[in-house]
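So the sequences go chain by chain: B and U. Count the first sequence with my numbering and you get residues 1 to 233, in order. Count the second sequence with my numbering and you get residues 234 to 855, in order.
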Amino acid sequence: MKVRIKYTKTGPMRFISHLDVMRYFQKALRRAEFDVRYTQGFSPHQILSFAAPMPLGLTSEGEYFDGEFNSVTTTFDMVETFNQTASPYLKITDIVILPDNAGNAMSVVTASDYIITLNEEGNRHITADKLEAGVHFLTEQQEIMVMRKTKKKEVLTDIRPMILKAEYSDNRIYLFLTAGSVNHLKPELFLEVLCENMDIPYNRWDYNIHRLETYMDDGAGNRVPLIEAGRRF
Amino acid sequence: METLALSDEILMSVEKPARYIGNEYNMVVKDPEQVEIRYAFCFPDVYEIGMSHLGMQILYDMLNQREDTYCERVYSPWPDLDRILRDKKIPLFTLETQSPVRDFDILGITIQYEMCYTNILQVLDLSQIPIFAKDRTKEHPIVIGGGPCAYNPEPIADFFDLFYIGEGEVSYPPLLELYKTYKKSSMSKQEFLLKAAEIEGIYVPSLYEVTYNADGTIETIQPKYENVPAKVKKVIVTDFNAAPYPMKPLVPMLRATQDRVVLEIMRGCIRGCRFCQAGMVYRPTRQKDCETMKKYAETMLRNTGYEDISLSSLSSSDYEYLEELIKFLIEQMEENHVNISLPSLRIDAFSLDVMRKVQDVRKVSLTFAPEAGTQRLRDVINKGLTEEMIVNGAREAFQGGWNKVKLYFMLGLPTETDEDAEGIALLSERISEEYFATVPKEERVGSVQITASAAYFVPKPFTPFQWAPMLDREAYVNRAYHVKDTFNRMLNKKRLKFTYHDQDISILEGVFARGDRKLCGVIYDAYMDGAIFDAWTEFFDMSRYERAFEKNNMDYKFYTERERSVDEILPWDHIDAGISKDFLIREWENAQKGIVSQNCRSFCQGCGAASFGGGVCFESKN
Chain B
1 MKVRIKYTKT GPMRFISHLD VMRYFQKALR RAEFDVRYTQ GFSPHQILSF AAPMPLGLTS
61 EGEYFDGEFN SVTTTFDMVE TFNQTASPYL KITDIVILPD NAGNAMSVVT ASDYIITLNE
121 EGNRHITADK LEAGVHFLTE QQEIMVMRKT KKKEVLTDIR PMILKAEYSD NRIYLFLTAG
181 SVNHLKPELF LEVLCENMDI PYNRWDYNIH RLETYMDDGA GNRVPLIEAG RRF
Chain U
234 METLALSDEI LMSVEKPARY IGNEYNMVVK DPEQVEIRYA FCFPDVYEIG MSHLGMQILY
294 DMLNQREDTY CERVYSPWPD LDRILRDKKI PLFTLETQSP VRDFDILGIT IQYEMCYTNI
354 LQVLDLSQIP IFAKDRTKEH PIVIGGGPCA YNPEPIADFF DLFYIGEGEV SYPPLLELYK
414 TYKKSSMSKQ EFLLKAAEIE GIYVPSLYEV TYNADGTIET IQPKYENVPA KVKKVIVTDF
474 NAAPYPMKPL VPMLRATQDR VVLEIMRGCI RGCRFCQAGM VYRPTRQKDC ETMKKYAETM
534 LRNTGYEDIS LSSLSSSDYE YLEELIKFLI EQMEENHVNI SLPSLRIDAF SLDVMRKVQD
594 VRKVSLTFAP EAGTQRLRDV INKGLTEEMI VNGAREAFQG GWNKVKLYFM LGLPTETDED
654 AEGIALLSER ISEEYFATVP KEERVGSVQI TASAAYFVPK PFTPFQWAPM LDREAYVNRA
714 YHVKDTFNRM LNKKRLKFTY HDQDISILEG VFARGDRKLC GVIYDAYMDG AIFDAWTEFF
774 DMSRYERAFE KNNMDYKFYT ERERSVDEIL PWDHIDAGIS KDFLIREWEN AQKGIVSQNC
834 RSFCQGCGAA SFGGGVCFES KN
C-alpha cells in the first residue's frame with residue numbers, strides 16, 4: 001500500500017542536505033522496524049519518494065515523503081514508534097494511507113507557506129518597521145517584474161501572482177507562495193525583492209525561514225495540505 | 234545541542250556544513266556540569282574519515298560508559314573553515330556540546346598515519362592551546378596521543394604530554410582516576426606526569442633524555458627520574474571476547490567513508506608479512522567467538538538502522554568461524570535486506586562462492602594483494618601467496634563471471650631489482666591471458682580489466698624491515714616508469730591499467746615513521762609555513778618541508794636512504810611493542826636470504842607476544 005509521511009526538519013538539521021535526509025529516513029524506518037517494501041536485486045532498496053528538496057538553512061514542519069509498505073498498524077502507534085528511535089530534529093508527525101490513484105509527493109505540490117523572522121544578526125541592521133513597510137509595499141503592487149535565473153537563461157517574470165498572501169504581524173512575516181515544478185517562488189527571492197525596494201542590503205542569513213506546510217490542489221480549486229490526500233488509520 | 238558554535242552565515246559558506254553540527258543518531262548527551270572529566274577525542278582528519286574509524290567508536294563508547302566522564306568528538310576543520318576560524322579567532326569546538334576544546338580536561342588524539350602530523354598542530358592551534366607541551370600548564374587540557382603512530386611517537390614528542398602505547402581498553406581507568414586526583418588537589422602538572430608514567434602503557438616523553446652521536450644517530454635514551462620506566466610496554470586486551478564494543482555506534486548524517494555496521498572479528502594477524510606494522514604491533518592475534526559476533530550484528534543493525542555490515546580484521550580468511558558467521562549473515566541478508574561487504578578475504582573457492590551470493594559480479598572487482606611482482610620478492614617479504622594461487626583464484630573468478638581484477642603492489646621493497654618491478658606487468662599480463670583462455674568468446678560480457686596499483690614501500694618501526702633503506706626520489710620515479718614501460722610492451726596492454734602513488738608523500742611518510750625528536754622542529758616549521766592535510770595530494774606541498782628541513786639544518790635522507798645497522802639505537806627502542814628485537818633481526822636476516830617463515834598457527838616463530846598470555850599463542854600448542 002502507498003503511504004504518505006509528514007515530517008519536521010528543525011534545529012541543527014537545517015544544515016543536512018536533501019540526500020542525507022533521505023539516507024536518514026532509510027535508516028530510521030529500519031530502526032522503527034516499519035514494514036517497508038523493497039526493490040528486488042543485489043542491492044535492494046526501500047521504495048520511497050520524497051517531495052521537492054528544501055534548500056539548506058531552512059527549517060520546516062511541513063515536509064513529506066511517500067513510501068510503499070507491506071503492512072501498517074495505526075497512525076498513532078507508528079508516529080509514536082518512529083519517534084522513539086528518531087532524531088528530535090527529524091521526527092514524523094503524521095502518516096496516512098493514500099488511494100491508489102494519488103499522485104506522488106513530488107508532483108502534486110502547488111504551494112508552501114512560511115514564517116520569516118529576523119535573527120540576532122538581522123536585528124542589528126534591519127528595523128521591523130522597514131520590513132513591515134516592505135511587505136505592505138509589495139502586496140500593493142499589481143505586478144512585480146523580476147529577472148529570474150533558470151537553468152539556461154535569465155527571464156523577466158512577474159512574481160506577483162506567485163505571492164498568494166504576504167502579511168506582517170508580531171514581528172514576523174507570513175508568506176504563502178506558489179511552489180512545485182511550475183511557478184516555484186522561493187521565500188529568499190521575496191526577501192531579496194523586498195530589500196531592493198526598501199533600500200536594505202540583502203543578506204539571507206539575517207533571517208530565519210521556517211516552512212509551515214506544503215500544499216496541493218484538492219481537485220475543487222482549494223489548496224490543502226499534502227496529508228489530506230490520504231486517510232489516517 | 235540546539236545551539237551551534239558557528240553562525241548560519243559561516244556554516245552556509247563552507248563545504249558540507251553537516252561536518253560541524255553534531256547531533257548524529259546515537260550521539261551521547263550528558264550535562265558537562267555533572268561530570269568530573271570532560272574528554273575531547275580528536276581524529277585529526279576530516280569528519281568523513283574520522284567518523285569511519287572503528288577505534289574511535291570503541292573508545293567513545295567506553296569512555297562514555299563512565300558516569301564521571303563525558304567524551305565528545307572533534308575533527309580537523311576542512312581548509313575552508315580553517316581559514317574562517319583563524320580570521321575570526323573562533324576557538325575550535327567539539328561536536329557534542331559545541332564548546333571550545335580548550336575548556337576540556339583532556340584532549341585525546343588518535344594518530345593513525347604519519348601524514349596527519351600537521352593536522353595535530355592545526356587542532357591544537359585552532360583550539361588556542363599552546364602547541365608545545367612545555368608551554369602548557371594545569372590550566373590547559375592534558376594532550377594524549379594514541380594509535381599506531383604512538384609506537385614511534387618521537388617526531389611529535391614535543392607536542393604531547395603523554396602517549397598511550399597499546400589498546401585503549403586497558404589503562405584508561407587508572408589514568409582517569411589519577412587525573413581526577415590531580416584536578417581536585419594541588420598536585421602540579423609535573424607530579425601528575427611522573428605518576429602517569431608509572432601506569433602501564435603510558436609514555437611521558439618529557440621525562441626522557443635523548444642524547445645523540447656526532448653522526449646524528451642516537452647515543453642514549455634514558456629516563457630522567459627514578460620511577461620512570463626505561464621501557465614502556467604496550468598494553469593489550471587479553472580477554473578479547475569481553476572487550477568493550479559499541480552496541481550503539483554513532484550514525485553520521487553525512488555519508489562517511491565507512492558508513493556501515495562494523496564487526497571486529499579479530500585483532501592482529503597470524504601471517505607475519507615483513508613490511509606490515511599492523512601485523513606486528515597488534516600481536517598476539519585474538520578472535521571473538523561466533524555467537525558474540527552474531528549477537529553484535531543483530532543488536533547493532535537494530536540500533537543503527539544500517540543496511541550494510543562489514544567484517545573488520547587484518548585477514549578475515551584466518552578467522553576460524555568465518556563460514557559459520559557468513560552463513561548467518563547471508564540468512565540475515567535475505568530476511569532483512571542487509572548488504573554484506575567482505576574486505577581482506579583470500580580469493581579461493583569458498584570466498585568466491587560467498588561473494589557471488591552477496592555481490593553483483595558484473596559490478597564489483599576482485600582484489601588481490603601480491604605486493605611484489607616475483608616469487609623471489611614475495612618470499613623476501615614473507616607474503617605467503619604464490620603466482621599459482623593468484624592465477625588459480627583469478628581463473629575461478631573469471632569462470633564465476635567476474636571480469637574486473639585489482640592488484641596491489643609495492644615498489645622499492647628491500648632487495649628489489651628491475652626484474653621484480655617488471656614482474657608487476659608480467660603478472661598482470663598473465664592474469665589477462667588467463668581470462669582469454671578461460672572464458673570462451675561468446676561468453677565474454679564487456680571486457681576484462683586488470684588494474685595494478687603500486688604504493689612505495691615505507692619501512693615502519695617494529696617490523697623486520699625497520700632497518701631497511703628507502704630508495705631516493707629519482708630511483709622511485711624511475712622504477713615506476715620502468716613498470717609503466719613494461720606494461721606498454723604487453724600484448725594485452727589495452728586491458729591493463731597501472732597507477733602509482735605520489736613519491737614525495739611516501740618519502741615524507743618514511744621520514745616521520747622512523748624519525749626522532751629532532752623532527753619536531755621540522756613539523757612545526759612546515760605547519761607554520763601552511764602545511765595541513767598533507768595526506769591529501771591536493772593540499773600537500775613538498776616545498777614547505779624542503780624549506781623546513783633547510784631551516785633546521787637537517788637532511789631528510791638521514792632518515793630514509795641510510796641503511797641502519799641492527800646495533801644502532803633506534804628512536805623507538807624505549808617503547809616495547811611486545812615483540813622482541815631478536816625476532817625482528819632473525820626475520821630481517823631471513824628476508825635477505827629469501828627464507829619464508831610460517832604463520833603463527835602453523836609454527837610459532839617466538840616473536841615474544843606470548844608474554845601477554847592470550848590469543849593465538851595459547852589456542853593450541855604447536
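Even for Gly, the Cβ is constructed at its ideal location relative to N, Cα and C. Please read all numbers here as calculations on a predicted model, not as lab measurements.
Among the options, nearest to residue i - alpha-carbon criterion
i: U/P312; options: U/V376, U/V356 and U/P603; result: U/V356
i: U/L607; options: U/L644, U/Y397 and U/S598; result: Checking the sequence shown, residue 607 of chain U turns out to be Thr, not Leu. Cα-wise, what sits closest to U/T607 is U/L644.
i: B/N70; options: B/Y38, B/Q84 and B/K91; result: B/Y38
i: U/F669; options: U/S577, U/A630 and U/P697; result: U/A630
i: B/R269; options: B/T75, B/T10 and B/A28; result: Absent from the structure is residue 269 of chain B, since the part of chain B shown begins at 1 and ends at 233.
i: U/E796; options: U/S661, U/A701, U/P438 and U/P363; result: U/A701
i: U/R507; options: U/K693, U/D762 and U/I432; result: U/K693
i: U/I199; options: U/S798, U/D809 and U/V829; result: A question about residue 199 of chain U goes unanswered here, because the residues of chain U that appear run from 234 up to 855.
i: U/S546; options: U/E620, U/K527 and U/C502; result: U/C502
i: U/Q699; options: U/I738, U/F561, U/T302 and U/W821; result: U/W821
i: U/I282; options: U/S830, U/A768, U/E801 and U/S844; result: U/A768
i: U/S835; options: U/V849, U/Q825, U/K321 and U/F845; result: U/V849
i: B/V21; options: B/N104, B/V193, B/N119 and B/S60; result: B/S60
Within chain A, partners of residue i - CB distance below 9 Å
i: B/Y38; result: The chain inventory of the structure shown lacks chain A, comprising the protein chains B and U.
Cβ-based burial, residue i [other Cβ within 10 Å; buried from 16]
i: B/R124; result: exposed
i: U/R521; result: Here residue 521 of chain U is Lys; the residue named in the question, Arg, does not match the sequence. Result: buried.
i: U/K467; result: buried
i: B/M145; result: exposed
i: B/R231; result: exposed
i: U/A463; result: exposed
i: U/Q345; result: buried
i: U/K298; result: A quick correction: the sequence has Gln, not Lys, at residue 298 of chain U. Exposed, by the Cβ-count rule.
i: U/F326; result: buried
i: B/T85; result: buried
i: U/H286; result: buried
i: U/S360; result: buried
Secondary structure of residue i, DSSP reduced to three states
i: U/V514; result: helix
i: U/T696; result: coil
i: B/R93; result: The question names Arg, but residue 93 of chain B is Thr in the sequence shown. Strand.
i: U/D651; result: helix
i: U/I377; result: strand
i: U/E400; result: coil
i: B/F241; result: The structure shown does not extend to residue 241 of chain B, since chain B is modelled only from 1 to 233, so the question has no answer here.
i: U/A605; result: coil
i: U/P310; result: coil
i: U/K616; result: coil
i: U/I342; result: strand
i: U/F473; result: helix
i: U/Q736; result: helix
i: U/N855; result: Any reading at U/N855 must be qualified, since the residue scores a pLDDT of 43, below 50, and its modelled position is unreliable; the value itself is stated next. DSSP places U/N855 in coil when its eight states are reduced to three.
Proximity of residue i and residue j at Cβ, strictly below 8 Å
i: B/T81; j: B/T8; result: no
i: U/S577; j: U/S549; result: yes
i: B/A32; j: B/V109; result: no
i: B/I241; j: B/K130; result: This structure cannot speak to residue 241 of chain B, because chain B is shown only from 1 to 233.
i: U/E347; j: U/A746; result: yes
i: U/L212; j: U/A429; result: Past the boundaries of the shown model lies residue 212 of chain U; chain U is included only from 234 to 855, so the question cannot be answered.
i: U/I291; j: U/D338; result: no
i: B/D248; j: B/I97; result: The question about residue 248 of chain B has no answer here: the residues shown for chain B are numbered 1 through 233.
i: U/I377; j: U/S404; result: no
i: U/S309; j: U/N352; result: yes
- Message: Between the stretch 489-500 of chain U and the stretch 526-543 of chain U, can you find at least three pairs of beta-carbon atoms closer than 8 Å?
- Response: yes
- Task: Would you be able to state if there are at least three C-beta pairs under 8 Å between the stretch 725-737 of chain U and the stretch 648-662 of chain U?
- Result: yes
- Message: Does the structure place the stretch 135-149 of chain B close enough to the stretch 265-272 of chain U that three or more beta carbon pairs sit under 8 Å?
- Response: no
- Query: Is the stretch 774-793 of chain U close to the stretch 668-686 of chain U, with three or more CB pairs under 8 Å?
  - Reply: no
- State whether the stretch 162-182 of chain B contacts the stretch 111-124 of chain B, with contact taken as three or more CB pairs (one from each stretch) at a distance under 8 Å. yes
- Query: Are the stretch 798-814 of chain U and the stretch 465-485 of chain U touching by the rule of at least three beta carbon pairs closer than 8 Å?
  - Reply: yes
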